Each structure stands twice: as C-alpha cells, then as structure tokens.
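Participant:
Residue numbers (my numbering): 918 to 1282.
Following this line, the structure appears as structure tokens:
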C-alpha cells in the first residue's frame, strides 16, 4: 500500500526530472504516514529528502518506502543515503534497484553497512517508472516509445495521402499525456506533409523542460512553412523549443532552407543521402534527449521496428474497417528487414470505444 502510494507520487514528476528518473517516497511509523515526497525536477530535492523534511513527528525508527534505490553519490544534490542515516530511519523498502551499472547496489550496501534493514521488493509499478531511465542510462540512444493508431483491420487511412481521425477523445487524451511524459515527440516527413501537425500538448501541461518536436526526413526536406516549425509567442509561452530536423549528412544543400526555422542535425556518413536512423537517435541523445515518443507514419514506424530501436509500443485500435483499394497499412515492408525484437504485450486498456494494446520489446542482445 505505501509503496504503491510512493509510485503515485513519483508519477507527478514525469517530464520534469529527465534525464533522471521519477521517484516517490513515503515515511511511515506504525502504519501512519509521517511524510511524503517526490522528485519534482532535475537538480531539485530527491524524493527521500523531501519526504523526510515533510515528516511530522520523530523519524527515528521509522520505515521509508521509496520507488528507487537511494543514491549514494554526489551529483547535483548530496547522497540520499546520508539523509536517511541522519534521520535514523530503521528500515527502507525499495521498489526497484538502480539500473545504472555504475551506481547499482551502492545505496543498499551503505545503508545495510550502517545497520539499516533494506528490503528490495521489485515492485511492478516501480519498474514501470524507470523503464525509460533504464534504457537511456545504459545505451547511446534515447528510450523510444512508438505509438500507432489503426483501424480494426490494420490500416491508418483509406487512401494514401488522406488524413484520417481514427480514434476518439479518450485516446487523444492518452496521447497528449504520452507527449508530456517524453522529452521529445518525433514524426516522419510524410506525416508533416499529409497532416501538417502542430504536435503540441493541448491543454498545455506545467512543464519545466522545454517541449521538443522532431521531424525525421528520410531523403528530402519538408516545407519550411509547416506548422510544426511554429514558434510564436503562444508556443514560447507554453514552453516549446525550436523544432529539430534530422537530415542525411550528404544532403546539406537541400536542407539548408530549413536552418532558418529549425535546428537541423545532419547525421550519418558524409556522402549519405538517406537518413541513418540509428545515428539520428544517437544524435538526439547527444543533444540531451533521454526519451522520444514517435508518432510517425508507416515508413518511420517500420524502420524503427526493423532496426530494433523501439522499447515500448502503444498500439491503439479503433472500431472501424478501412480495407479497400488504396488503403494504407500501418506498417510497410522495408529493406532494413523485419521486426528485430520480439514483442511482449503486458496491458490491454479500453480508451472509450478504442482499445490500447501496450507491449515492451524484449532485448535480444
């Protein structure tokens, strides 16, 4: 019960703690909550310290429930293990161990060495909270979520180039929440040409890190007047940063007009005129982006899956049938291959009349 409450608290920090994980903590004595806290923003108080400072009553001999192993190193803030020892906490219940191989088990070891009882329970809600962090901290690319929305028979549109609104309001609200939880939202050039999306979060969420919108261009630029490059007073006030364009390094002249409206990242081999998608994601990670939500169309979705770059798949199915001459499928064959990592579906959720199937992609390395 108390660890689940810590997970609920931790979720409030999503989108603001990146590249650090979202963490929540609860201090309890004899079944009564003394204090609660969560990590609000990168560089701010960690969840354990906030919960201890918020505690009403004596913390000596109390139990601390925390979603992630307490840190035992100096970063932007002092180690949480010292705050726990100073508060004379008797027992710590940890939802998940630190996935960072450089710091894993350091907090648990130090607390146990100083006589604190530490129970690591491997809670599902705690693991879910750090799914993105666990990938980003161990790989050269960001954590990547792929969102697909299709008809019941697997199409995104009744005809190539036609814009279709397949899903209802509940599903749209879910997608807005996804955008707010990631550092960046990415689409392919085809989506920009057909839908001309803003890719904003409406209504705006309170967010400390700027929203980033990314356009992955396979081999040709998009129109500089596209709405995704809009950065007027309203967008700046809502916390949007300049849009990023991912472009092949061998096509600088073709993409130069976009440099006045976007931050263009040229990636891949110097002579390449086709986007190197794995290199593009590495460039985003080097740019400080730890998590990406891809809402791109069939081409970029298929390439991401074929390259094994997807960590979490959200597939929303609308109760409609679109099959017919010219109907456009959700995934298309690519010369990169087939699905590189096996799917493991873990949740099915109703979003109004639509059905959400969620899966993580297993690491086969």
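Positions of the beta carbon are idealized from the N, C-alpha and C atoms, including for glycine. Fair warning: this is a prediction, and the values are worked out from it, not measured in the lab.
Of the choices 1072, 1213, 1029, whose alpha-carbon is the least far from that of residue 1108?
Facilitator: Cα-wise, what sits closest to residue 1108 is 1213.
Participant: Restricting to Cα atoms, I'd like to know which of 986, 960, 958, 1004 is closest to residue 946.
Facilitator: Checking every option, the nearest Cα to that of residue 946 belongs to 1004.
Participant: Quick one: Cα of residue 1220 to Cα of residue 1133, how far?
Facilitator: Cα-Cα distance, rounded: 11 angstroms.
Participant: Rounded to a whole number of angstroms, what is the C-alpha to C-alpha distance between residue 966 and residue 1001?
Facilitator: 8 angstroms
Participant: Check whether the Cβ atoms of residue 1284 and residue 969 lie closer than 7 angstroms to each other.
Facilitator: Here the chain covers residues 918 to 1282 and nothing more, so residue 1284 does not appear.
Participant: Does the beta-carbon of residue 1263 have 16 or more other beta-carbons within 10 angstroms, so that it is buried, or is it exposed?
Facilitator: exposed
Participant: In the DSSP assignment, find the alpha helix (DSSP H) that holds residue 1023 and state where it starts and stops.
Facilitator: 1023-1030 is the span of the alpha helix (DSSP H), which, as asked, contains residue 1023.
Participant: Going straight from the alpha carbon of residue 1059 to that of residue 1199, what length do you get?
Facilitator: Straight-line measurement puts the Cα of residue 1199 at about 7 angstroms from the Cα of residue 1059.
Participant: Count the other CB atoms within 10 Å of the CB of residue 1096; is the residue buried (16 or more) or exposed (fewer)?
Facilitator: Answer is buried; the Cβ neighbour count reaches 16.
Participant: Go through the region 956-1040 residue by residue and report every complete run of the beta strand (DSSP E) that reaches 3 residues or more, in order.
Facilitator: 980-985, 1008-1013, 1034-1037
Participant: If you reduce the DSSP assignment to three classes, tell me which class residue 1160 lands in.
Facilitator: coil
Participant: Three-state secondary structure (DSSP) at residue 1344?
Facilitator: Absent from the structure is residue 1344, since the part of the chain shown begins at 918 and ends at 1282.
Participant: Is residue 918 helix, strand or coil by DSSP?
Facilitator: coil
Participant: Just tell me which of 937, 949, 948, 975 has its CA closest to the CA of residue 961.
Facilitator: 937
Participant: From 1273, 1240, 1099, pick the residue whose C-alpha is nearest to that of residue 930; which is it?
Facilitator: 1099
Participant: Look at the alpha carbon of residue 1165 and the alpha carbon of residue 1055, and state the distance between them as a whole number of angstroms.
Facilitator: 26 angstroms
Participant: Checking 7 angstroms against the spacing of the C-beta atoms, do residue 989 and residue 1023 come in under that value?
Facilitator: yes
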